[in-house]
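One rule links them: number in UniProt numbering = place in the sequence shown (from 1) + 181.
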Amino acid sequence: LHGASLAGRHVLITAGPTYEPIDPVRYIANRSSGKQGHALARVAKDMGAKVTLVSGPTNLPDMPGVTTIKVETATDMLDAALAALPVDVAICAAAVADWRAAHQAAQKLKKEDGQTGLNLALARNPDILATLAAPGARRPTLVIGFAAETETIITHAQAKLSRKGADWIVANDVSPDTGIMGGDHTEVHLVSATGVEDWPAMGKDEMAAKLLARAAEALHAMQLA
Ligand code: C5P
Numbered sequence: 182l183h184g185a186s187l188a189g190r191h192v193l194i195t196a197g198p199t200y201e202p203i204d205p206v207r208y209i210a211n212r213s214s215g216k217q218g219h220a221l222a223r224v225a226k227d228m229g230a231k232v233t234l235v236s237g238p239t240n241l242p243d244m245p246g247v248t249t250i251k252v253e254t255a256t257d258m259l260d261a262a263l264a265a266l267p268v269d270v271a272i273c274a275a276a277v278a279d280w281r282a283a284h285q286a287a288q289k290l291k292k293e294d295g296q297t298g299l300n301l302a303l304a305r306n307p308d309i310l311a312t313l314a315a316p317g318a319r320r321p322t323l324v325i326g327f328a329a330e331t332e333t334i335i336t337h338a339q340a341k342l343s344r345k346g347a348d349w350i351v352a353n354d355v356s357p358d359t360g361i362m363g364g365d366h367t368e369v370h371l372v373s374a375t376g377v378e379d380w381p382a383m384g385k386d387e388m389a390a391k392l393l394a395r396a397a398e399a400l401h402a403m404q405l406a
C-alpha cells in the first residue's frame, strides 16, 4: 500500500444541492451542479477506495463502482451520511441548504385574491460536516469540507475550519464572474490548521485527484505515526 493509493479505504462524499420542500410541488434549492462531488467519487474509486456518494438531485449519470445514495433534503442527506459510517475520509462537497420550510404544507399553497405577500417560516437545517467532524469513536480520520465564498475567502474558510471541526477546508471563490459554480474548472485554497496553500486554476477532475492524493498521503502518514 503506497501513499497515493486508497485501496482498503472507505471514502464518504456528499454532493449536489439539497431540495427542501415547501409544499407538494415547490421547494427551496440552489445552483449546485454536483460536478465537484461526483468528480471526487470517481477519482476515489479509481484510486481503489470503497466509495459511498450521498448526492442531492443532479443531472449527472450514475458511476459504476460507486455506491450512490440519492437524497433530496438535508435531513435525509445527514441520515444517509451517518448510515455510511465508519469511513476513513469524509468529504462534504454538497451545497446543503441552510434552511428548510419550518412547516411543509400537505397541500399546494394557494394565493388569495388581493394577497400581496407571503411570509415563509424557515427552520435551521442540521450541519452534516459539523456532525461528521464532531469528536467521537466514529469520527472519520480525515474530515474535509468546502467553503464557497464570494468575499474574504481565506478568513471565512479559517473560521469555518474551527467552527465545524474539519481537518481541511477547500475554499473557493464562487462569485458569478468566476464561472466556478456549475462550471468545469475551479481555483481553490487548501486551508488547514498548519496553513493555507494556494492551488492554481485547474479542472474539477484534476482538483479531485490532487485533493485525494493528499488525503491518501495524510492517511498513510497518520498510520505510520
Ligand atoms: O456553512 P457553509 O455552508 O458555508 O459550509 C460549507 C461546508 O459545510 C461544505 O463542506 C458543506 O458541504 C458543509 N455543510 C454541511 N451541512 C450544512 C451546511 C454546510 O455539510 N447544513
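For each residue, glycine too, the CB sits at the ideal point set by N, CA and C.
Being a predicted model, the structure only gives us computed values, none of them experimental.
In angstroms, rounded to a whole number, what distance separates the CA positions of Pro202 and Pro316? Here the question's residue 202 lines up with position 21 in the sequence shown. Here the question's residue 316 lines up with position 135 in the sequence shown. Computed Cα separation, rounded: 31 Å.
For Pro381 and Ala265, the rounded distance between their alpha carbons: Your numbering for residue 265 matches position 84 in the sequence shown. Your numbering for residue 381 matches position 200 in the sequence shown. When rounded, the distance between both Cα atoms is 33 Å.
For a test of the three-state rule: what should DSSP assign to Gly189, helix, strand or coil? The sequence position of residue 189 within the sequence shown is 8, counting from 1. Here Gly189 sits in coil by DSSP.
With a threshold of 8 Å (Cβ to nearest heavy atom), would Ile335 be considered close to the ligand C5P? What you label residue 335 is simply residue 154 of the sequence shown in a count that begins at 1. Outside the cutoff, so no.
Considering only heavy atoms of the ligand C5P and the C-beta of each residue, which residues fall inside 5 Å, strictly closer? So the residues near the ligand C5P by this Cβ test are Cys273, Ala275, Val277, Asn306, Asp308, Ile309, Leu310, Gly326 and Phe327.
State the DSSP-derived secondary structure class of Ser373, mapped to helix, strand or coil. Position 192 of the sequence shown holds residue 373. Three-state result, Ser373: strand.
Mind the definition here: the region 216 to 234 touches the region 280 to 287 only if three or more C-beta pairs lie below 8 Å; say whether that holds. These segments do not touch.
Pick helix, strand or coil for Ser214, following the three-state DSSP scheme. To locate residue 214, count along the sequence shown from 1; it is residue 33. Of the three classes helix, strand and coil, the one that applies to Ser214 here is coil, per DSSP.
Going by the beta-carbon positions, is the gap between Leu187 and Ala396 smaller than 9 Å? Translated into the one-based positions of the sequence shown, residue 187 becomes position 6. Translated into the one-based positions of the sequence shown, residue 396 becomes position 215. Contact: yes.
From the DSSP secondary-structure annotation, give me the bridge partner or partners of Glu330. Locating residue 330 in the sequence shown gives position 149, where the first residue counts as 1. Beta-bridge partners assigned by DSSP to Glu330: Asp354.
Leaving out five residues on either side along the sequence, give the residues of the same chain with a beta carbon under 7 Å from the beta carbon of Gly363. By one-based count along the sequence shown, residue 363 stands at place 182. So the list reads Arg212 and Ser214, once near-sequence residues are dropped.
Please confirm whether Leu193 and Pro357 have their CB atoms less than 9 Å apart. For the purposes of this step, residue 193 is taken as residue 12 along the sequence shown, with counting starting at 1. For the purposes of this step, residue 357 is taken as residue 176 along the sequence shown, with counting starting at 1. Inclusion of Leu193 and Pro357 in the CB contact set at 9 Å is not warranted, their separation being larger than that value.
CB-CB under 8 Å to Ile325, same chain, minus the five flanking residues each way: which ones, in chain order? Position 144 of the sequence shown, counted from the start, is the residue given in the question as residue 325. Around Ile325: Val270, Ala271, Ile272, Cys273, Ala347, Asp348, Trp349, Ile350, Val351, Leu392 and Ala396.
With Lys289 and Val206 assumed to form a contact (beta carbons below 8 Å), what rounded beta-carbon distance in angstroms separates them? As a working mapping, residue 289 is identified with position 108 in the sequence shown. As a working mapping, residue 206 is identified with position 25 in the sequence shown. Right, the Cβ-Cβ distance comes to about 5 Å (below 8 Å), so this counts as a contact.
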